[in-house]
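First residue of the sequence shown: 53, per this note's numbering; consecutive thereafter.
Worksheet: one structure, shown below.
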Amino acid sequence: MKMKNKQILAIYNNIRPIKQKQLPVKIGFAINKNLAAMDDAAKAYEEERMKILNRYGEKDENGLKESEDGKEYLLKDKKAYKEAMDELWEIETDIQINTVTMNDVEKCDSEKFDALTPFELEILDFMIEE
53 MKMKNKQILA
63 IYNNIRPIKQ
73 KQLPVKIGFA
83 INKNLAAMDD
93 AAKAYEEERM
103 KILNRYGEKD
113 ENGLKESEDG
123 KEYLLKDKKA
133 YKEAMDELWE
143 IETDIQINTV
153 TMNDVEKCDS
163 EKFDALTPFE
173 LEILDFMIEE
């Protein structure tokens with residue numbers, strides 16, 4: 053399945069708490085396989101993001117300069133940084149996705165398993181067959 057970096061990161065950063073739930077074996081297995089498949093793409097993204105940040109970020113003797121609140125880095129050229137990041141977010145990567153059926157997902161509603169919230173279902177949507 054072709055996925056943009058922004059999709060991969062949204063899933064990659066939000067799926068881990070779902071992994072901690074008591075889920076049917078097939079769903080747990082698919083989540084683990086899908087995370088492993090996304091791992092290389094997430095690492096490549098982070099490596100390129102840091103290159104972009106080093107190119108456009110302000111630096112001092114300690115490295116990249118942070119804002120006073122420490123929540124973001126200061127940039128020399130915000131427009132060029134945004135353009136580079138937009139391009140990075142839009143890059144597509146082919147990811148081998150393990151899927152589950154709606155039948156598998158509906159098993160989460162039984163007492164043996166933890167129910168999935170609407171937000172969690174939205175995160176898992178990429179791996180649910182119709």
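The C-beta atom is built at its ideal place from N, Cα and C for all residues, glycine as well.
Would a C-beta distance cut-off of 8 Å place residue i and residue j closer than the cut-off?
| i | j | result |
| --- | --- | --- |
| Y108 | M90 | no |
| K58 | W141 | yes |
| F178 | L75 | no |
| E181 | T151 | yes |
| E110 | K128 | yes |
| I147 | I60 | yes |
So the candidates are the options; which of them puts its Cα closest to the Cα of residue i?
| i | options | result |
| --- | --- | --- |
| R68 | A88, N57, T151 | A88 |
| P170 | V157, D146, K164, D112 | V157 |
| E163 | A93, T153, K73 | K73 |
| I143 | I70, G80, A93, K71 | A93 |
| K103 | T145, E120, M137 | M137 |
Could you tell me if the beta carbon of residue i falls within a distance shorter than 7 Å of some heavy atom in the ligand COA?
| i | result |
| --- | --- |
| Y64 | Although the ligand COA was asked about, the structure shown includes no ligands whatsoever. |
If you count every other CB in all the chains shown that lies within 10 Å of the CB of residue i, and 16 or more means buried, which is it?
| i | result |
| --- | --- |
| V77 | exposed |
| A167 | exposed |
| N84 | exposed |
| A82 | buried |
Take residue i and list the residues in its own chain whose beta-carbon comes closer than 7 Å to its own, dropping the five residues that flank it on each side.
| i | result |
| --- | --- |
| L105 | L116, Y125 |
| D161 | A167 |
Apart from the five residues on each side of it in sequence, which residues of its chain come closer than 6 Å, Cβ to Cβ, to residue i?
| i | result |
| --- | --- |
| G122 | none |
| N155 | none |
| Y133 | Y108, L127 |
Beta-carbon within less than 8 Å of residue i's beta-carbon, same chain only, minus the 5 sequence neighbours each way: which residues are those?
| i | result |
| --- | --- |
| K71 | G80, I83, N84, L87 |
Segment contact flag, the segment 161-177 with the segment 97-107, C-beta cutoff 8 Å, min 3 pairs: no
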